[in-house]
Amino acid sequence: MKPPRKLHIKSFGCQMNVYDAQRMVDTLTPEGFVETASVDDADLVILNTCHIREKASEKVYSELGRLRAIKEEAARSGRQVSIVVAGCVAQAEGQEIIRRAPAVDVVVGPQSYHHLPQLLAHAERHGRALETEFPVEDKFGFLPPPKPQAIRARGISSFVTVQEGCDKFCTFCVVPYTRGAELSRPVAKIVDDVRRLVDSGVREITLIGQNVNAYHGEGPDGRIWSLGKLLYRLAELPGIARLRYSTSHPRDVDPTLIDAHRDLPALMPFVHLPVQSGSDRILAAMNRKHTADDYRRVIDQFRAARQDIAFSSDFIVGFPGESRQDFAATLALVAQIGYAAAYSFKYSPRPGTPAADLRETVSAGEMDERLVRLQELIDSQQSAFNRAAIGRTVDVLFERAGRNPGQMVGRTAYLQPAHVMASPDIVGRVLPVTIESLERYSLLGRLEPAASARRSPLPLQTGA
Ligand code: 5AD
Ligand code: SF4
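Following the working numbering from start to finish, the sequence shown increments by one per residue and tops out at 784.
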């Protein structure tokens, strides 16, 4: 028998890439590959890249420089190392990568990962291979997999792709170009995947998609199902402790999704709902298809359905034309909503997007200043939100052992890491924990005897 070849995947960017990396491992395992954490002893290195901002895609070429040296060093001792570039930079810059990086053997876009074994074989026999076409066939054809073991549980919490691609065309965003048109998987396939994961010990499922609440998959009744309807169905499966979904667009929040938050205890009261800006002028220039007030109304609907719900968001500062007043409107929106967490980015022009043709009006210095101010506000909200947990008893889903001996780590409904001293057999269980203190972003607490615990919801507003 041939010894297994070692595979190392380095993923950048979003949760979809984390998920795709696992699917690539699942595709290559039957081909005799085993995963290794060390890039130095890998026979195959896959860079799973992100194109969302310039900084992210620049990393690819510097990584490739390092990998080239590793490849050459291995070749001197007679060992062959193959290099694959996957992900959104592969999709967007396929030919350019082939031209600039001679050490790369295969360039493969996110729609073609099921062809990886063939592409590697092709590269070995005939030289370098590139596949970045959007396939005409169902791009989820390999999911659920031809081989039943291909979707494999890893730990307590798992992502499941329900939808891929985006038709929204926000003017700053590459996703509609790199991930293609929006496509939803049929309900039956998702239910199958979730069942299989739950059977092998997964307790928390996060449904993912670039625009997850635009989900419109074929139901078992032949009708088109929404994300809300899908969540009701999944909540019926025995063994699921927690359901989540990400990332949502404010315009695609429909009444069934709101109702699902009211009716389904397993659906976690924490929603990532990016708004990008608080200024209607900028939202229009971004082609977001909603105003700041539309967004506020959506938030109010969620809150009316479930009083302990909390939100996170994404923001872009310094979009072309963003004035001081526009930025002030963003700060005002953040202050009003009160986020449990949020990500904020400086605008980065992406080649091929409509906004890349706009004149940039915000200086680098001003952009830095706006980012710092926004992040300070978000940080203070996040700290207040975390502090509010102290003294309360909250449910924690335990995932693994902590760094200190005897310590176990899990997450609250709001994804806050929570640490307690306990025996390792609590992994996979949702248990009440009384929070005693905070250490940076982690909560420290003690396990409550389950029967006597009184759970208390966190407060809603954390805004200044
Ligand atoms: N510049 C800066 N941030 C961007 N994002 C997407 N495209 C850009 C860009 N060109 C941010 C958005 C999005 C998140 C995933 O990345 O806030 O929600
Ligand atoms: Fe990009 Fe907008 Fe689609 Fe989100 S909704 S993936 S920001 S185009």
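By construction, the Cβ of each residue, glycine as well, lies at the ideal position given by its N, Cα and C atoms. In this text, all values refer to a predicted model and were calculated from it rather than measured experimentally.
DSSP state of residue i mapped onto helix, strand, coil
i           : result
residue 456 : Note that residue 456 scores a pLDDT of 46, beneath 50, so its modelled location is shaky and nothing firm can be said.
residue 329 : strand
residue 665 : strand
residue 433 : helix
residue 535 : coil
residue 606 : coil
residue 469 : The predicted position of residue 469 is uncertain, since its pLDDT is 37 and thus under 50; no value can be drawn from it.
residue 778 : Reliability fails at residue 778, whose pLDDT of 47 lies under 50, so the model's placement of it is uncertain and the value that follows must be treated cautiously. Correct three-state label for residue 778: coil.
residue 647 : helix
residue 715 : strand
residue 516 : helix
residue 546 : strand
residue 450 : strand
residue 587 : strand
residue 637 : strand
residue 496 : helix
residue 660 : coil
residue 510 : helix
residue 417 : helix
residue 734 : coil
residue 541 : coil
residue 671 : coil
residue 680 : coil
residue 744 : helix
residue 557 : coil
residue 423 : coil
residue 642 : coil
residue 723 : coil
Classification of residue i by the beta-carbon crowding that lies within 10 angstroms, buried from 16 upward
i           : result
residue 567 : buried
residue 630 : buried
residue 487 : exposed
residue 684 : exposed
residue 602 : buried
residue 446 : exposed
residue 736 : buried
residue 667 : buried
residue 769 : exposed
residue 755 : buried
residue 565 : buried
residue 724 : exposed
residue 570 : buried
residue 340 : buried
Nearest-angstrom Cβ-Cβ length linking residue i and residue j, presumed shorter than 8 Å
i           : j           : result
residue 595 : residue 633 : 5 Å
residue 494 : residue 371 : 5 Å
residue 403 : residue 424 : 5 Å
residue 739 : residue 747 : At roughly 14 Å, the Cβ-Cβ gap does not stay under 8 Å, so residue 739 and residue 747 are not in contact.
residue 411 : residue 347 : Not confirmed; about 18 Å, so no contact.
residue 579 : residue 533 : With 8 Å as the limit, residue 579 and residue 533 do not qualify as a contact, their Cβ atoms being about 13 Å apart.
residue 713 : residue 606 : No, residue 713 and residue 606 are not in contact; Cβ-Cβ is about 42 Å, not under 8 Å.
residue 326 : residue 349 : Residue 326 to residue 349, Cβ: 12 Å. No contact.
Beta-ladder partner(s) of residue i, from DSSP
i           : result
residue 764 : 739 and 757
residue 592 : 632
residue 364 : 327 and 402
residue 564 : 526
residue 504 : 483
residue 369 : 407
residue 750 : 717
residue 478 : 525
Residue range of the alpha helix (DSSP H) that includes residue i
i           : result
residue 394 : 374 to 396
residue 702 : 684 to 707
residue 337 : 335 to 348
residue 573 : Segment: none, residue 573 is in no alpha helix (DSSP H) and carries neither H nor E.
residue 615 : 612 to 625
The beta strand (DSSP E) enclosing residue i, as first and last residue numbers
i           : result
residue 521 : That residue, residue 521, is in no beta strand (DSSP E); it is neither H nor E in DSSP.
residue 729 : 727 to 731
residue 353 : 353 to 355
residue 428 : 426 to 428
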